[in-house]
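A.B. asks: Once you've had a glance at the structure underneath, I'll fire off some questions.
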């Protein structure tokens, strides 16, 4: 009953027009920032921290968490419409979202993304409210060996991304992994492959690489193709998916929401890995796996359900333990401290109105996001009918300012252009680019946890632990199975 | 040609006027406060608290500018790239000195004006209350029993906390393994999950985390307030292990005008005796202090030497 | 005596050697598998890149599960898989290169992007963005001047208000502005 009382307390702290306006503002800002390549959730929240400093603590945190949850959805808009993931996790959304737009069914892509995000977001928040403390305790039990196994499992999802040629998909992911070894090695303190450049000390940033590989490369490819009319890219319909279409993917949305929340709980795993794994699982359990990559609504739902639900998951360790579970959480932790608040179990006791205010505002934010999204989609979709000759220069301008905004560094802008050329070459010769992003995301997680596990308990640590043993076996199976399948096909 | 000459003349006049304004009383325009992390980082919070409280003592606004990269090296180079007119202040911590060395940058201590050291945060050994081993005596006994296989968790190798751990082992005559994590937060999660025996950080790290406790601090005296019952290493019988700290402070490029220096000296002195400022720092479990240039510079020089030696020892640099 | 190929002149010579080998192989491919030259160059360049990083990594401290292991593992795997792809080319089992499109136009776009990048540091973000957007639309044969210049100006205004003013992103103002006005 305590919970209900506390939630009522949370709702009462939201009474009045001001908190509602703040949530609406946060959701709008979040959607726009998410849609803007470069303003990933963590950057968007970080940029608003100084602004929120002047606000009352409760309101400031409501604003920031509303931005956090909405920006994970916002990333899907540009992913579906112009093949440019606004956030790293939306890289997975492009796989099926953009083919839908090319077929003229952008409305279906956006609608599925919106509904999956809303349901995912709500599931994540509900799990956060109900089970934050016990789940956080379980997450702590995970050892480095388990994290390593989880990362390998994420790596195995590459199998469902290659467009047939598994060798090229593997090369793409290995390239991402190798790129990620550039910079300081936190285990030994040695700086690797920096060639005396300070900018390389932290390694390549994910965001400029992402924008280059997806957005800039597409512009390059289209310019080379040179079929630009003075009209829009394609004729599109803004028709939403029908109810029966939603009903067919209900299990995919629910499953991806649960997967996203669980992966979000583990500090350091995050929305991107959640999306990749959820997509992989959805494809394997789908009745129509051949539709994946060609505009499957399930594919869009799997990616978006997972990345939005991971927000609730990532807030579990932050609120229950005071440990940031994602890059955005780390920024939120700073925002708490700016207002002299320390997240953790004591915050539930000392300032329940803040904690439960955040909970209830997250629920409201999801509802507001659904309403705004339904209206917004009609406007967003017009983007597609902007003539290519205006669209492509704009995409480049957004890519440049977006990469600059991450760190205020021109080096990132140069990196974005460089990755644009690499992405263009990769796609031209049949190497998928999504695995490169996956490699960059997983690189540190694999290496650090592998080495840490061996340092702690030797090589046997991977086989002593039941969790890691199970996950390692699963990863091995999902790696090997598609290769066998491909070989069989060839022999036939 | 004539218009060109006129334009040139006009530009010269304008620039002379603009340069002219920087003489005389200081400050005449907002001051940039460079922070080496993104908004929301610990040092960013520190800088913004300073910005807010400084409003009491000066009409000048401090504009926080986040210049991230290479653990502060990018921010320091940014400071060096601008004129030494005093309008660019940078918030610095001890870990920046480590990064100066480990990034192999050519930055030198003498290029900066180490203006004020404002916070002294004692290094601490932190344990998990729910584990059997949670006092300093138990750590020592366990370390001896495990013979070098006791696990200590903490942030990246070669940083402040790693150096603290190495010194602690040496002074206590024990051996253990340093297991580095990507960030302090992740290492604390590992301690909470029982994957290690001890974590090295600062007392403030345990605030809001009732499972964790500070087992010992490297400080001459006990802290006041909520950490009053934490023993110092001296009390625990470890001699000469009372001055390992994490400091925070401010610096500028070397060679700023004298009136700028006077302005800052006065401002920092006022800040140091401000009760809000002191309260903020004590709440973090740290000590508010004010060391001026001479003392601060010698501390920085000494730190640089310590980092160089340690990083060579662990093989991170040659 | 062991030769240290991880630094300085030796590294440069080693890299040069790799590039020469790649070049000669490319020459052979160009003569014998003309329609697969691009398909060859991508994996071949990745092999060269991995081998250079492999050479550099030899200078890292050699310790148990140290900083060398993982980069060399990824590098080796890249060489293996790229080698496999090259093998399919040599055995004529690979797909032929895609048709080349308007590469000249692409070169112009990349060139403009680079000019934009370097101009930002000199004349500042706002002026260079205005010029970049306008020029690029013009280069892409868009001719409605009113639209061109209003979109360029609109973007500059938007980036100024939202990014520069509201979000405090320190967009470069350019050395010219900084020398005279700061």
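Protein chains in written order, with my numbering: chain A, 5 to 496; chain B, 1156 to 1473; chain C, 550 to 731.
Each residue gets a CB set at the ideal place from its N, CA and C atoms; glycine is no exception.
(1) Give me the chain C residues within the contact set of residue 460/A, using Cβ-Cβ distance strictly less than 9 Å, ordered along the chain.
(2) Any beta carbon of chain C sitting closer than 8 Å to that of residue 271/A?
(3) Is residue 1244/B helix, strand or coil by DSSP?
(4) For residue 555/C versus residue 605/C, is the C-beta distance shorter than 8 Å?
(5) Quick check: the stretch 140–149 of chain A against the stretch 275–284 of chain A, are at least 3 beta-carbon pairs closer than 8 Å?
(6) Quick check: residue 376/A and residue 32/A, are their CB atoms within less than 8 Å of each other?
(7) Contact criterion: CB-CB distance below 8 Å. Does residue 1176/B meet it with respect to chain C?
(8) Which residues in chain C have a C-beta closer than 8 Å to the C-beta of residue 1470/B? List them in chain order.
(9) Here's the rule: buried if 16 or more other CB atoms are within 10 angstroms of the residue's CB, otherwise exposed. What is residue 1359/B?
(10) With which residues is residue 1307/B paired in a DSSP beta bridge?
(11) Can you check whether the C-beta of residue 1220/B is within less than 8 Å of a C-beta belonging to chain C?
(12) Buried or exposed: which applies to residue 640/C, given that a residue is buried once 16 or more other Cβ atoms fall within 10 Å of its Cβ?
(13) Take residue 77/A and list the residues in its own chain whose beta-carbon comes closer than 8 Å to its own, dropping the five residues that flank it on each side.
(14) In this structure, what does DSSP give as the bridge partners for residue 1367/B?
(15) Might you give, ordered along the chain, the residues of its own chain that have their beta carbon closer than 7 Å to the beta carbon of residue 560/C, omitting 5 neighbours on each side?
(16) Looking at the strands, I want to know which residues DSSP matches up with residue 1474/B.
(17) Relative to the C-alpha of residue 383/A, which residue among 211/A, 243/A, 154/A is closest?
(18) Quick one: grab the DSSP three-state call for residue 1402/B.
(19) Answer yes or no: does any C-beta atom of chain A fall closer than 8 Å to that of residue 1185/B?
(20) Less than 8 Å between the beta carbons of residue 365/A and residue 58/A, yes or no?
(21) Contact defined as beta carbons within less than 8 Å: I believe residue 1106/B pairs with residue 271/A. What is the distance between those atoms, to the nearest angstrom?
(22) Would you decide whether residue 599/C is buried or exposed? Buried here means 16 or more other CB atoms lie within 10 Å of its CB.
(23) Using the Cα positions of residue 482/A and residue 202/A, report the straight-line distance between them to the nearest angstrom.
(24) Run through chain B and tell me which residues come within less than 7 Å of residue 504/C, C-beta to C-beta.
(25) Using 8 Å as the cut-off, can you tell me whether the stretch 262–269 of chain A makes contact with the stretch 1326–1345 of chain B, which would need three or more C-beta pairs spanning the two stretches below that distance?
(26) With distance defined between alpha-carbon atoms, name the residue in 1371/B, 1190/B, 1253/B nearest to residue 1384/B.
(27) Buried or exposed, going by whether 16 or more other CB atoms sit within 10 Å of the CB of residue 14/A?
(28) Taking 7 Å as the line, does the beta carbon of residue 411/A fall inside it for any heavy atom of the ligand FMN?
(29) Would a check of beta-carbon distances place residue 448/A closer than 8 Å to chain B?
(30) When the Cα of residue 724/C is compared with those of 1208/B, 1236/B, 1352/B, which residue comes out closest?
(31) Return the bridge partner residues of residue 1187/B from the DSSP annotation.
(32) Under 7 Å Cβ to Cβ from residue 360/A, same chain only, skipping five residues before and after it: list those, please.
(33) By the three-class DSSP mapping on this structure, what secondary structure does residue 1347/B have?
(34) Is there at least one Cβ from chain A nearer than 8 Å to residue 1250/B's Cβ?
(35) Residue ranges of each alpha helix (DSSP H) run of no fewer than 4 residues wholly in the stretch 670–718 of chain C, ordered along the chain?
(36) Under a Cβ-count criterion, where at least 16 other Cβ atoms within 10 Å of its own Cβ denotes burial, should residue 1176/B be classed as buried or exposed?
C.D. replies: According to the structure shown:
(1) Near residue 460/A there are no residues of chain C at all, since even the closest Cβ is about 11 Å away, more than 9 Å.
(2) Answer no: the Cβ-Cβ gap between residue 271/A and chain C never drops below 8 Å.
(3) Note: residue 1244/B maps to strand in three-state DSSP.
(4) Annotated as proximal: residue 555/C and residue 605/C, with beta-carbon spacing under 8 Å.
(5) They do not touch, by the three-pair rule.
(6) With contacts defined by Cβ atoms closer than 8 Å, residue 376/A and residue 32/A form a contacting pair.
(7) Unreliable positioning characterises residue 1176/B in this predicted model, as indicated by a pLDDT of 48, which lies under 50. The coordinate reading is nonetheless provided below. Taking Cβ atoms only, chain C never reaches closer than 8 Å to residue 1176/B, which makes this a no.
(8) Neighbours of residue 1470/B on chain C, chain order: 610, 612.
(9) With 16 or more other Cβ atoms within 10 Å, it is buried.
(10) Paired residue(s): 1333/B, 1353/B.
(11) Chain C, which has a Cβ nearer than 8 Å to the Cβ of residue 1220/B, makes this yes.
(12) Under a 10 Å Cβ-count criterion, residue 640/C is classified as exposed, with fewer than 16 other Cβ atoms of the shown protein chains found around its own Cβ.
(13) The residues are 34, 35, 38, 117, 118, 121, 122, 125, 308, 312, 373, 377.
(14) Per the DSSP secondary-structure output, residue 1367/B pairs in a beta bridge with 1283/B.
(15) Residues of the same chain with a CB within less than 7 Å of the CB of residue 560/C, apart from the 5 flanking positions on each side, are 554, 604, 605 in chain order.
(16) Because chain B spans 1156 through 1473 in this model, residue 1474/B falls outside it and cannot be assessed.
(17) Per the Cα distances, 243/A.
(18) Here residue 1402/B sits in strand by DSSP.
(19) Not one chain A Cβ lies under 8 Å of residue 1185/B.
(20) Contact: no.
(21) Absent from the structure is residue 1106/B, since the part of chain B shown begins at 1156 and ends at 1473.
(22) Under this definition residue 599/C is a buried residue.
(23) Within the model, the alpha-carbon separation for residue 482/A versus residue 202/A is close to 39 Å.
(24) Because chain C is modelled from 550 through 731, residue 504/C falls outside the range shown and cannot be assessed.
(25) Not touching, per the Cβ criterion.
(26) Of 1371/B, 1190/B, 1253/B, the smallest CA-CA separation from residue 1384/B is found for 1371/B.
(27) Buried is the call here.
(28) Looking at this structure, you won't find the ligand FMN or any other ligand, since it has none at all.
(29) Closer than 8 Å to some Cβ of chain B, the Cβ of residue 448/A qualifies, so yes.
(30) When only C-alpha atoms are compared, the closest one is 1236/B.
(31) Partner(s): 1218/B, 1243/B.
(32) Non-local C-beta neighbours of residue 360/A in its own chain, meaning closer than 7 Å and more than five positions away in sequence, comprise 10, 11, 13, 14, ordered along the chain.
(33) Of the three classes helix, strand and coil, the one that applies to residue 1347/B here is helix, per DSSP.
(34) Taking Cβ atoms only, chain A never reaches closer than 8 Å to residue 1250/B, which makes this a no.
(35) Counting only runs of 4 or more residues that sit fully inside the stretch 670–718 of chain C, the alpha helix (DSSP H) segments are 674–688, 694–707, in chain order.
(36) Its pLDDT being 48, under 50, residue 1176/B is placed unreliably by the model, and the measurement read from it follows with that caveat. Around the beta carbon of residue 1176/B, fewer than 16 other beta carbons sit within 10 angstroms, so the residue counts as exposed.
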